[in-house]
Each structure stands twice: as structure tokens, then as C-alpha cells.
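In my numbering, the protein residues as written are 334 to 487. Where a beta carbon is used, it is the ideal one built from N, C-alpha and C, also for glycine. If you're wondering where the values come from, they're calculated on a predicted model, not measured in any experiment. Following: one structure in C-alpha cells, then a few remarks.
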Amino acid sequence: MVKAGLGIAGLLIIVLSTVTTTFLDAYSAGVSSESIFSKVKGKWVAIITTVIGTLAAILFPLDNITNFLYLIGSVFAPMIAIQIADFFILKQEFSTKSFSLTNLIIWALGFAIYRVLMHFDMIIGNTLPDMLITIALCIVFKTISALLEKRKAN
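This is the structure in C-alpha cells:
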């Protein structure tokens, strides 16, 4: 873009896209915090999140963020897989429940499985296999648990 005389335009595109993405992330942090903690003001959470993110970007080297991205994947992939299994497959409702030990155990297994899968070079990556395995674990674990509860009740 510089050779075409559009260096400033390219810079503006990068700055504006970064600002809008950061705004959405910070706003999301604020709204999410308000929905979890009713006394928290989302505006202040968004500002604090932005300040922490800015300081982290200044203080920590971002030359190689691969390990961080793998960590994010290993945390969120099994969590989303459990949500998919619970809501779409098992048709379970957890909106009134603040904590599920069963889901925490399944998530921990999914997290560990993701970390193990990182040692294998797969064409489709680690996330999809981990999610499929975690969904299967969730279905099997909860189906067996429901059968045992029925048997116990009778």
C-alpha cells in the first residue's frame, strides 16, 4: 500500500479495525460481568479490562503466542463441547444452576485430552477431535448417570 501511495490509508484501516475489535472485547467483558454479578458496573469492567490488556501488551513480549493460543483452545474447546452436548443433544437446562460438578469433571477430562492431542500432528488440528471426544464423554457419562438414578429410584 505504501508504493501505491496508500500508506496512511493502510495505517488507518489497521488502527480502526484494532480499536473496533478491542471495543467489542472490552464491552463483552463488561456485559458478561454484569450478567454474572448484578452489583458490578459493566462500564468500569470494560475500562479495567482495556487497561489490563494495554499494560499486558506493553509489558509482555508477543513474539510467540502459540502456547497461549493452545492454552485458550484447551480451555474453551471442551467447555463449548459440553454446552453443545447439554443443550442440543441432551436437551438439559442449566440456567438456574450456578455450578455443575459433573460438567467440571468432564471439562477437566476434555482439557487433559486436548493437551495430550497436542503431541499428535493431525490434519484437522486438536480442537475438533477434542470437542468430539468431550461431547461423547458428556453423553456417555450423563446417560449412565441418568440410568443409575432411575435404577436407584425404583
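With 16 other CB atoms within 10 Å as the buried threshold, where does residue i fall?
i: M464; result: buried
i: A342; result: exposed
i: V352; result: exposed
i: V378; result: buried
Among the options, whose alpha-carbon lies nearest the alpha-carbon of residue i?
i: V384; options: N397, V373 and D358; result: D358
i: A390; options: D454, A342 and T355; result: T355
Below 7 Å CB to CB, which residues in the same chain sit around residue i once its five sequence neighbours on both sides are set aside?
i: L423; result: I472 and K475
i: W440; result: P411, M412 and I415
i: V417; result: Looking at the sequence itself, residue 417 is Ile, so the reference to Val does not match. I468, listed in sequence order.
I think residue i touches residue j, with their Cβ atoms under 8 Å apart; what is that distance to the nearest whole Å?
i: Y447; j: P411; result: 6 Å
i: T429; j: S478; result: With 8 Å as the limit, T429 and S478 do not qualify as a contact, their Cβ atoms being about 19 Å apart.
i: N459; j: G406; result: 7 Å
i: P462; j: M451; result: Actually they are not in contact, since the Cβ atoms of P462 and M451 sit about 11 Å apart, beyond 8 Å.
i: L442; j: L470; result: 6 Å
i: I419; j: F409; result: The question names Ile, yet the displayed sequence has Asp at residue 419. So it is not a contact: roughly 15 Å between Cβ atoms.
In chain order, what residues of the same chain have a beta carbon less than 8 Å from the beta carbon of residue i, not counting five sequence neighbours either side?
i: T382; result: D358, A359, A362 and G363
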